[in-house]
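Peer 1: Residue numbers (the numbering used here): 224 to 905.
The structure's right below; bear with me while I get my questions together.
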Amino acid sequence: MTTGSYIGISTMKPCCRILGSYKSSSLFGFSPTKFKDSSSIMGIMTKSCHPKSCHRHRYHTCNSDTQIVGYISVINPNRRDFSVSDPNWGLSRSFSTRFCVNIGSIRPRVLSMIPNVASDFRNQSTSVDSHSNDTSFEKIYIQSGLNTKPLVIQKIETDQSELEEVTEETSDGSNINIHSFKDLSDNKVKKELSEIEKEAWKLLHGAVVTYCGNPVGTVAANDPAEKQPLNYDQVFLRDFVPSALAFLLNGEGEIVKNFLLHTLQLQSWEKTVDCYSPGQGLMPASFKVRSVPLDGSNEAFEEILDPDFGESAIGRVAPVDSGLWWIILLRAYGKLTGDYALQERVDVQTGIRLILKLCLTDGFDMFPSLLVTDGSCMIDRRMGIHGHPLEIQALFYSALRCAREILIVNDSTKNLVAAVNNRLSALSFHMREYYWVDMKKINEIYRYKTEEYSTDAVNKFNIYPEQIPAWLVDWISDEGGYFIGNLQPAHMDFRFFTLGNLWTIVSSLGTSKQNQGILNLIEAKWDDLVGQMPLKICYPALEGEEWRIITGSDPKNTPWSYHNGGSWPTLLWQFTLACIKMGRPDLAQKAVDLAEKRISADRWPEYYDTRNGKFIGKQSRLMQTWTIAGFLTSKMLLENPEKASFLFWEEDFELLQNCVCMLNKSGRRKCSRFASRSQILV
Ligand code: GLC
224 MTTGSYIGIS TMKPCCRILG SYKSSSLFGF SPTKFKDSSS IMGIMTKSCH
274 PKSCHRHRYH TCNSDTQIVG YISVINPNRR DFSVSDPNWG LSRSFSTRFC
324 VNIGSIRPRV LSMIPNVASD FRNQSTSVDS HSNDTSFEKI YIQSGLNTKP
374 LVIQKIETDQ SELEEVTEET SDGSNINIHS FKDLSDNKVK KELSEIEKEA
424 WKLLHGAVVT YCGNPVGTVA ANDPAEKQPL NYDQVFLRDF VPSALAFLLN
474 GEGEIVKNFL LHTLQLQSWE KTVDCYSPGQ GLMPASFKVR SVPLDGSNEA
524 FEEILDPDFG ESAIGRVAPV DSGLWWIILL RAYGKLTGDY ALQERVDVQT
574 GIRLILKLCL TDGFDMFPSL LVTDGSCMID RRMGIHGHPL EIQALFYSAL
624 RCAREILIVN DSTKNLVAAV NNRLSALSFH MREYYWVDMK KINEIYRYKT
674 EEYSTDAVNK FNIYPEQIPA WLVDWISDEG GYFIGNLQPA HMDFRFFTLG
724 NLWTIVSSLG TSKQNQGILN LIEAKWDDLV GQMPLKICYP ALEGEEWRII
774 TGSDPKNTPW SYHNGGSWPT LLWQFTLACI KMGRPDLAQK AVDLAEKRIS
824 ADRWPEYYDT RNGKFIGKQS RLMQTWTIAG FLTSKMLLEN PEKASFLFWE
874 EDFELLQNCV CMLNKSGRRK CSRFASRSQI LV
């Protein structure tokens, strides 16, 4: 990482100093070519920072001694191609929020603007429970109707007399706010924390990272005995999600808001790997707060945010999931705090659009699923998950559903919103139809004809039945089924990947029958998928030649270790969420009880090894924050299942209708519409 990519703050650097530190040909590091695309949704930041567009810069210190709060107005009022509707645009030239900004060799971006147009999606629950028993196509079609939105407002009954704040003292003296949701009207129940929970809260608070005196995230692991932290002393975006949810469920919203805004700033930074710059919307995998001497002085220091977009990461893996998690967390923040103003800010809206632009840009792809390189998600090493891995598809679908709720709809975004809706429909059809396997489907694949040349092909991806692995024939249960790990031409990765399957449930990417089937399978295969420590990251492990060829002989990913069939307790919160959604909290409780037996005694490991998760992982970190936070979040969700409903989605019948209409329009009589009707709609 070079200093050129640092994000910093300073107490003294005036605006002219900032400007002077940039090359005149590329102020703030943007190459002039990037400004050419006037129709680009990326417009607001690139254009706003162009020297000719910048008409005012000023900074002043914020409350904290070390902070600079930048109130930057860098918008050319004549440039409106990125704006929300015109009446609001003027607001972008006034300032609404104080913010700690980067100075030095870093490009600032627009800080805060408040739109006054709000999407009404958030007021419309995506929950359409009343429909969930309707299985016939006709019924659903009629109920959805043309141009009608299923609108069910969920209301939680409140007893105002019970709304007093409930706090508990932790062992470190800090107060834990039990069930305090500032802006939610809900019941609050006094809760006695167990010793393990108290310890977990203490560790979680101990993992908090501050920037300019404000909490902005949690380190990945915080083991004082660890001599080689590598990048585990950084705030990982994906790792912070369970921390954020624990904080939000405990009424601590500030850290989450700061995290969302600071990572948003990092998004607009120029990033280069050698001479190549990845897309502007890319969110970093992680960031670190560093203290660096100010102007060569040994006495004064400034804090800087130092992001890693993959340019330092082992294997230079692309953090595709970061932006998706960011959008998911943004929605959760709004839902759990009631602070929707954050997601309505123009800079936040711009951030969402930049992420979507990266994901929705046309390429050579034939499928609606997102094409990525290996290691672009939680499994951030070579594990044969390049192409269209399930985890990315499920997170992509979830993020699109969030965007559908959050994006402000106006003339400048209506095409994007339409693109989001179309992609959602196409993606759910694709996944439900081609990724789902159960006993029946595997039997179909077993009898597939190959080399079918036509649009009517049954075996569309030309899968050779010999690919069905021996383990699967014995393993697949009469109970339920699952979404396979990956699908490419002539290639099905039949491994069971837990995170992807859980998010398929959470986001309703699968049909309700499929979602139920996944949980049934997990229950039926409990010893394999949960074993002695929830939950296996994937099943089964790659062994022998397969391990050698697919992982590249990775000594960390040996069979039944780490990403290759290791057990990751952080997956517990996502399992809990999925179980609550499907009405199976008992299953989640069983898994939490199992973890609780040893997780604290084992010092909160990152992962466990062996076929049934018996040993603490070979190279596992201890005091792993997302293990701790995942445990706490699971506990709180189980105690407050109604809160969980803010974090998952029910079937969206409007999207289904969209899909059916698209299939109709395609005019291919033998499209799989009829064959797959039950898969799509049930
Ligand atoms: C490992 C994991 C990754 C996680 C990081 C920090 O690299 O594979 O998913 O984000 O550690 O905990």
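The C-beta atom is built at its ideal place from N, Cα and C for all residues, glycine as well.
1) Going straight from the alpha carbon of A685 to that of D679, what length do you get?
2) Looking at the strands, I want to know which residues DSSP matches up with Q847.
3) If you follow the beta strand (DSSP E) that Q503 is in, where does it begin and where does it stop?
4) By Cβ distance below 6 Å, which residues in the same chain neighbour W694 in space, the five residues on each side in sequence not counted?
5) DSSP has Y831 in a bridge; who is on the other side?
6) Can you round the beta-carbon distance between V595 and H609 to whole angstroms, since I take them to be within the 8 Å contact cut?
7) Please say whether L800 and F719 have beta carbons closer to each other than 8 Å?
8) Give me, in chain order, the residues of the same chain whose beta-carbon lies closer than 6 Å to that of C600; leave out the 5 immediate sequence neighbours on both sides.
9) Among all the DSSP beta bridges, which residues are the ones paired with W659?
10) Once the 5 residues before and after G504 are set aside, which same chain residues still bring their CB inside 7 Å of it?
11) Mind checking whether the beta-carbon of R461 lies closer than 7 Å to any heavy atom of ligand 1?
12) For S776, does the count of other Cβ atoms within 10 angstroms reach 16, so buried, or fall short, so exposed?
13) By how many angstroms is the C-alpha of S500 removed from the C-alpha of C435?
14) Excluding the five sequence neighbours on either side, which residues of its own chain have a C-beta within less than 8 Å of the C-beta of I699, listed in chain order?
15) How far does the alpha helix (DSSP H) with Y620 in it extend, from its first residue to its last?
16) Helix, strand or coil, according to DSSP, for Q690 in the structure here?
17) So what's T799 in DSSP terms, helix, strand or just coil?
18) By alpha-carbon positions, which one of F510, N473, E475 ends up nearest to W492?
19) Going by alpha carbons, who is nearest to P530 out of G586, L460, Q847?
20) Out of N780, A814, A523, which has the shortest C-alpha to C-alpha gap to I833?
21) State the Cα-Cα distance for the pair L623 and V643, rounded to the nearest angstrom.
22) Can you determine whether any heavy atom of ligand 1 sits closer than 7 Å to the C-beta of A469, and answer yes or no?
23) Starting from D462, trace the alpha helix (DSSP H) both ways and give me its first and last residue.
24) Quick one: is D716 buried, meaning 16 or more other Cβ sit within 10 Å of its Cβ, or exposed?
25) Let me check one thing: in DSSP terms, what residues is P438 bridge-paired to?
26) Is A541 near ligand 1, in the sense that its beta carbon is under 7 Å from a heavy atom of that ligand?
27) Quick check on M589: buried or exposed, where buried means 16 or more other Cβ atoms within 10 Å of its Cβ?
28) Just to confirm the assignment, what range does the beta strand (DSSP E) spanning F590 have?
29) Only counting the same chain, and skipping five residues up and downstream in sequence, which positions put a Cβ closer than 8 Å to that of Q457?
30) So what does DSSP say about K759, is it helix, strand or coil?
31) Would the beta-carbon of H786 be found less than 7 Å away from any heavy atom of ligand 1?
32) One question on the structure: do Y669 and P688 come within less than 8 Å of each other, judged by their Cβ atoms?
33) Taking 7 Å as the cut-off, is the CB of D570 close to at least one heavy atom of ligand 1?
34) Nearest to I602 by alpha carbon, out of V571, S466, G733, L794?
35) N682 to P447, Cα distance in whole Å?
36) Looking at I839 and D825, is the spacing between their C-beta atoms short of 8 Å?
Peer 2: Working from what's here:
1) Note on identity: in this sequence residue 685 is Asn, with Ala being the wrong assignment. Going by the C-alpha atoms only, they are around 12 Å apart.
2) A444
3) No beta strand (DSSP E) contains Q503, which DSSP labels as neither H nor E.
4) P763
5) S790, I839
6) 7 Å
7) no
8) D544, E614, I615
9) F706
10) Q490, G546, L577, I578, K580, L581
11) yes
12) exposed
13) 29 Å
14) V660, D661, M662, I665
15) 613 to 629
16) helix
17) helix
18) F510
19) L460
20) At residue 833 the sequence reads Thr, which differs from the Ile that was named. Among N780, A814, A523, the Cα nearest to that of T833 is on N780.
21) 6 Å
22) no
23) 460 to 472
24) buried
25) T433
26) no
27) exposed
28) No beta strand (DSSP E) holds F590; DSSP gives it neither H nor E.
29) V442, A443, S509, F510, K511, D531
30) strand
31) yes
32) yes
33) no
34) L794
35) 54 Å
36) yes
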